[in-house]
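Structure first, commentary second.
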Amino acid sequence: MKLLGWVKITKRRIVFAIIAFLIFGAVMAYRNFSKSRKEEPQSAQIQKGTVTDNLILSGTILADEHVNLQFQASGLLTYVGVKEGDLVKKGKVIASLDSKSLKKSFQKYMNIYTKTRNTFEQAFDDNQNYLIEPDAEERERLSRVLWGVQMDLNNSVLDVEITDIAVRLSSLVSPITGVVTKITDPLPGININAGQTRFEIVNPSTIFFEVVADQTEVTLLKLDQEVAIILDSFPDMKINGKVKLISYTPDPTESGTVYQVKVVLDDPFEIESGIRIGMTGDAKFLLAKKDNVLYVPSGFVNSDSQGTYINLGSAGNRVYVQTGLEGEEVIEIIGSFAEGDTVFD
């Protein structure tokens, strides 16, 4: 029995050894295969076309005409004339508070003003002739009387103006033409506090893309420079624009020395496009462009103590070249070669 158990253990060890050997062999074969693949030189062809040099900066969608409206006084919300997504014209009343009591107060103060005005004019007519009397004490008394009725008239005017402001503030009027993008607490029939109900309105035709450039980058930018924008929310959509504003002073809200750059879009957005205020993305600024030049991928251009070279035709055949414009992935090369020639890394 002991011998039989020993035989079983020996067979198990042999099986494990064979499995381990096979695994080891597979790993070594894979490493050798990978090494041989890595050692194989990569190749590419010299091409002719356009090389561009670009500066890429991150930014945000904003709008020149973008307002948040809210009531400056508390009251009963009686009218809301818009909903999210509506287009409103400049000057349109979009919401109102109950103004009945305010209008009655306005009429009351107008009546008081009229009465005070008559009192002032009557007092002036009754006393102006006595102001030229030689009695200094009487002249002073009459001056105080006229001064008092003048102050009453002034206060009455102020009451009318204050009430008129309150009546006008009971309605929210859109200062721009645009789309209502957000409404907070829009239910009529509820009492609201000042600043509680808000209406956000954006004019889509004034949307622009804003980036910030540091003091080394801003010197590369200029007005009317071409820009291609890719938003994070729409990676497959290219948006074209041009630089329309480069701030002269740095942005005080940033910790470093950076400058605001405004990019105006070639085609204004419609609200149905899905573009929204606050969306982020990258703007590619065209710094330089050369057409009809020879170029290769950047990884195929090397350098040594003698200069810059490419491996032309074979892995070890170094041909020294001059380089021109450098793009993101390709480099312009100048020398004795032609389009279609093969280069190696």
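Take the sequence shown: its position 109, counting from 1, is numbered 297 in the numbering used here, and each next residue is one higher.
Each residue gets a CB set at the ideal place from its N, CA and C atoms; glycine is no exception.
Own chain, CB closer than 7 Å to Ser-486, minus 5 neighbours either side, in chain order = Glu-517, Val-518, Ile-519
Cβ of Leu-357 within 7 Å of Cβ of Ala-251?
-> no
Alpha-carbon spacing of Asp-241 relative to Val-489, whole angstroms = 17 Å
Straight-line Cα distance separating Leu-475 from Met-467 = 25 Å
Kindly indicate which three-state DSSP category Glu-328 falls into: helix, strand or coil?
-> helix
Less than 7 Å separating the beta-carbons of Ser-362 and Ile-380?
-> no
When the Cα atoms are used, what is the spatial distance from Lys-296 to Asp-352?
-> 12 Å
Using alpha carbons as the reference points, say which of Ala-401, Tyr-508, Asn-480 lies closest to Ser-491.
-> Tyr-508
DSSP beta-bridge partners of Pro-423 | Answer is none; Pro-423 lacks a bridge partner.
Spatial neighbours of Lys-226 within its chain, please: CB distance less than 8 Å, with the 5 preceding and 5 following residues excluded, ordered by chain position.
-> At Lys-226, the pLDDT of 46 sits below 50, so the modelled position is not reliable; the number obtained from the coordinates is stated separately. Taken in chain order, the list of residues that qualify is empty.
So, using beta-carbon positions, are Gln-403 and Thr-441 closer together than 7 Å?
-> no
Between Ser-224 and the rest of its own chain, which residues show a CB-CB distance below 8 Å, the 5 nearest in sequence each way excluded?
-> Note that Ser-224 scores 46 on pLDDT, short of 50, meaning its location in the model is unreliable; the coordinates nonetheless yield the value given after this. No residues qualify anywhere along the chain.
DSSP state of Ile-463, grouped into three classes?
-> coil
From Pro-456, Lys-478, Thr-307, Tyr-436, residue whose alpha carbon lies closest to that of Ile-427 = Pro-456
Given a threshold of 16 other Cβ atoms within 10 Å of its Cβ, counted over all protein chains shown, does Leu-192 qualify as buried or as exposed?
-> Any reading at Leu-192 is ruled out, since the residue's pLDDT is 44, under 50, leaving its predicted position unreliable.
Is the beta carbon of Asn-480 less than 7 Å from the beta carbon of Glu-253?
-> no
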